[in-house]
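Read the sequence shown against full-length UniProt numbering and you will find it ends at 165, with the numbers running on by one and no gaps. Quick reminder that beta carbons are idealized off the backbone N, C-alpha and C, glycines included. Quick caveat, the model's predicted, so the values are computed rather than measured. What follows is a single structure, written as structure tokens, with notes after it.
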Amino acid sequence: MASKVNFKPHVRVGVGVLVLDPKKKGCVFAGIRKGSHGAGSLALPGGHLEMMESWEECAIREVKEETNLDITNVKFVHVTNDPMPEEGKHYITIFMSAECKTSDAQPENLEPHKCEGWKSFSWHDLRSIWNGERDGLYLFGPLKNMVSQAPKDVLKLLDVEESSR
1 MASKVNFKPH VRVGVGVLVL DPKKKGCVFA GIRKGSHGAG SLALPGGHLE MMESWEECAI
61 REVKEETNLD ITNVKFVHVT NDPMPEEGKH YITIFMSAEC KTSDAQPENL EPHKCEGWKS
121 FSWHDLRSIW NGERDGLYLF GPLKNMVSQA PKDVLKLLDV EESSR
């Protein structure tokens, strides 16, 4: 007998942040999720939008809490609709872009119970994971949706040629 999933009565708002790696042009930081929905998948730093918080404030707070990075030039780049029926959840995910305030900044793993650690990924890396070309590695639902949509603002941010989509 199949178990019944209890659905939350509302859609939640998540914010994912494409933090540019200052040492690797066209790359962003991402890590493997632990201990939550999407465990084992690659995700950007981010989290839930809090009451009365702007998208920019949420991006700055979440990146600082998770990576200890100070970011600047925070901008909206994309939004995805992310139903997660297997988990009884539904999110709208707002994707923001950001730059590190210093040129030598590298993320720290401040939440080891939630993330395996942070590494740098290019658009080509993300697309190859999305395409299933990297065994055992897959994208968190919202990131998977964003990569599949290949939004122009994200491609421009990561300096991706049209032919590399």
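H48 and P83 have their alpha carbons spaced roughly 15 Å apart. Ranking L139, V74, H78 by CA distance to the CA of A150 puts H78 first.
In the three-state DSSP reduction, D125 falls in the helix class (H, G or I). When DSSP states are grouped into helix, strand and coil, D104 belongs to the coil group. Put simply, of G40, E161, F29, L155 the residue whose alpha carbon is nearest the alpha carbon of H113 is G40.
Distance check between F29 and each of T93, I92, K119, H37 places K119 closest, using alpha-carbon atoms only. When the Cα atoms are used, N68 and E161 turn out to be separated by approximately 31 Å. With contacts defined by Cβ atoms closer than 8 Å, E116 and I32 form a contacting pair. Under DSSP, N145 shares a beta bridge with no residue. A distance below 8 Å between beta-carbons, with the five flanking residues on each side excluded, links P22 to the following residues of its chain, in chain order: E99, C100, T102, S103, D104, A105.
For the pair M146 and T80, the CB atoms are nearer than the 8 Å cut-off. Where R134 is concerned, there is no enclosing beta strand (DSSP E), because DSSP gives it neither an H nor an E. Per DSSP, the continuous alpha helix (DSSP H) segment holding K156 begins and ends at 152-157. The criterion of a C-beta distance shorter than 8 Å is not satisfied by L20 and L44. When DSSP states are grouped into helix, strand and coil, V63 belongs to the helix group.
Between H90 and V15, the C-beta gap is not smaller than 8 Å, which leaves the two residues out of contact. Under the 10 Å beta carbon count, P9 is surrounded by fewer than 16 other beta carbons and is classified as exposed.
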